[in-house]
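**Q**
In this note's numbering, the protein residues as written are 51 to 162.
This is the structure we're talking about:
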């Protein structure tokens, strides 16, 4: 269902890193978020896809209108870029060595 969505919206409070947003990005769906923690994944699309205040209905509506006005090829390009970043940063191949390191050393130190 997520894969066929035109856009996903995740308005978790700023500061949280919600896995539902990662999941929608991972299937190539343009994903709007409210947490600045996603800015690295959003890259150049952060101004388009991040809603700084999840309580700001007008900003959300404006951003949704903008995303929905993108052509299908433009939306697919956004989704593809998000998917590439999520897979590169959060795939099992990348996470397992970091998890093993945490288990061995007991130190998170940005490992996950």
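Idealized CB from N, CA, C, for every residue including glycine.
None of the values given here were measured: they were computed from a predicted structure.
(1) Short check: CB of residue 125 to CB of residue 80, under 8 Å?
(2) From residue 109 to residue 115, what does the alpha carbon distance come to, in whole angstroms?
(3) Going by Cα to Cα distance, which pick from 107, 103, 75 is closest to residue 93?
(4) Around the Cβ of residue 146, are there at least 16 other Cβ atoms within 10 angstroms (buried) or fewer (exposed)?
(5) Please state whether DSSP places residue 52 in a helix, a strand or coil.
(6) Which runs of the beta strand (DSSP E) fall wholly inside the stretch 72 to 129 and span at least 3 residues, in chain order?
(7) Consider the C-beta atom of residue 120 and the heavy atoms of the ligand NAP; say whether any pair is separated by less than 7 Å.
(8) Looking at the secondary structure, which residues open and close the beta strand (DSSP E) in which residue 59 lies?
(9) Apart from the five residues on each side of it in sequence, which residues of its chain come closer than 8 Å, Cβ to Cβ, to residue 55?
(10) Is it true that the CB of residue 83 sits closer than 8 Å to the CB of residue 100?
**A** Let me lay it out:
(1) At the C-beta level, residue 125 and residue 80 come within 8 Å of one another.
(2) Going from the Cα of residue 109 to the Cα of residue 115 covers about 10 Å.
(3) That would be 75, whose Cα lies nearest to the Cα of residue 93.
(4) Under this definition residue 146 is an exposed residue.
(5) Here residue 52 sits in coil by DSSP.
(6) Correct list: 81 to 83.
(7) The ligand content of the structure shown is nil, which means the ligand NAP is not present either.
(8) For residue 59, the enclosing beta strand (DSSP E) has its first and last residue at 58 to 60.
(9) Short of 8 Å from the beta carbon of residue 55, and not among the five residues preceding or following it, lie these beta carbons of its own chain, in chain order: 74, 79.
(10) The Cβ atoms of residue 100 and residue 83 sit closer than 8 Å to each other.
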